[in-house]
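Colleague:
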Amino acid sequence: MPLIQVLLASTRTARFGERPAAWVVDRLGRREDLDVELVDLRDHPLPFYDLVKPPAHAGREYPDEATAAWAGTIDRADGYVIVTPEYNHGYPAALKNALDHLSIELKRKPIAYVGYGGTGAARAVSQLRGVAAEQDMAAIRSSVAILPELMVPALRAEAFDVEMLAPLDGRLDTLATDLVWWADALKVAREA
Ligand SMILES: Cc1cc2nc3c(=O)[nH]c(=O)nc-3n(C[C@H](O)[C@H](O)[C@H](O)COP(=O)(O)O)c2cc1C
1203 MPLIQVLLAS TRTARFGERP AAWVVDRLGR REDLDVELVD LRDHPLPFYD LVKPPAHAGR
1263 EYPDEATAAW AGTIDRADGY VIVTPEYNHG YPAALKNALD HLSIELKRKP IAYVGYGGTG
1323 AARAVSQLRG VAAEQDMAAI RSSVAILPEL MVPALRAEAF DVEMLAPLDG RLDTLATDLV
1383 WWADALKVAR EA
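Numbering-wise (the working numbering), the sequence shown opens with residue 1203 and increments by one.
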């Protein structure tokens, strides 16, 4: 079964992001066609990108422990779901920095997006699709947009329950089915 990592892109102290990430992990965890793992960018603090060798040329040679830990974590997976907000019409700087440290670990793997915010982070997700193309990844057509009608109650709830996002279960299921198809197909192709 493919290992799918859910990347929690917001590192803010008071972030909303862990709520939608918990929902994604819960729903993916119920499926029998994948294994799921949460990857929190907070657990991988990296300096602003300052590597001498661009990752695309460095292969799996890492100059320091933090980069090795981050890249090693990402290397394990067969596919990814990025859970992202939108900051000033773009995706978070911490996510950009983290992605720029990677190359071979992501290559020829599929990636999908769950966005939240005023437009469901539509502009951030659109930008991330360009990043995926440059990193030689397959960006899945289906995405999930958590719009204010669901986000605001989930944000304000003192005790968040993943069921608050249940109206989007169908969309997430479509995303997961497509992601697994690509993850399985590309895994076979990579191994060949
Ligand atoms: C620096 C900053 C910029 C923001 N810019 C946008 C934006 O362009 N579009 C939008 O829909 N929401 C924007 N927001 C509101 C975020 O959607 C909202 O704060 C959300 O909770 C951020 O995700 P997080 O709490 O997981 O970090 C912005 C928030 C911050 C902190």
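Idealized CB from N, CA, C, for every residue including glycine.
1. Taking 8 Å as the threshold (C-beta atoms), are Ala1300 and Phe1357 in contact?
2. Mind checking whether Gly1281 and Gln1329 have CB atoms under 8 Å apart?
3. So which residues touch the region around ligand 1, with touch meaning a C-beta under 6 Å from any heavy atom?
4. Terminal residues of the continuous alpha helix (DSSP H) containing Ser1328?
5. Could you round the C-beta distance between Asp1237 and Ile1284 to whole angstroms and report it? I think they count as a contact, below 8 Å.
6. Which residue or residues does DSSP assign as beta-bridge partners of Gly1292?
7. Taking DSSP's pairing of strands, which residues face Tyr1318 in a bridge?
8. In chain order, what residues of the same chain have a beta carbon less than 8 Å from the beta carbon of Met1408, not counting five sequence neighbours either side?
9. Drop a sphere of 10 angstroms on the beta-carbon of Arg1202, count the other beta-carbons inside from all chains shown, and report buried for 16 or more, exposed for fewer.
10. Ala1323 to Ser1212, Cα distance in whole Å?
11. Name the two residues that bound the continuous alpha helix (DSSP H) containing Leu1388.
12. Looking at the secondary structure, which residues open and close the beta strand (DSSP E) in which Ile1206 lies?
13. From this set, Pro1249, Ala1224, Asp1235, which residue's C-alpha is nearest Val1241's C-alpha?
14. Under 8 Å, do Tyr1251 and Thr1286 count as touching if we go by C-beta distance?
Modeller: Short version:
1. Before going further, note that residue 1357 is Leu rather than Phe in the sequence given. Against a cut-off of 8 Å, the Cβ pair of Ala1300 and Leu1357 comes out as no contact.
2. Contact flag unset, no.
3. The set of residues whose C-beta lies within less than 6 Å of a heavy atom of ligand 1 reads, in chain order, Ser1212, Arg1214, Arg1217, Phe1218, Gly1219, Pro1287, Glu1288, Tyr1289, Asn1290, His1291, Gly1319, Gly1320, Thr1321.
4. 1324-1336
5. Incorrect: roughly 18 Å between the Cβ atoms, too far for contact.
6. Tyr1289
7. Ile1348
8. Coverage of the chain is limited to positions 1203 through 1394, which leaves residue 1408 absent and any answer about it impossible.
9. The chain is shown from 1203 up to 1394; residue 1202 falls before or after that span and cannot be answered.
10. 12 Å
11. Run containing Leu1388: 1371-1393, per the alpha helix (DSSP H) assignment.
12. 1205-1210 is the extent of the beta strand (DSSP E) around Ile1206.
13. Ala1224
14. no
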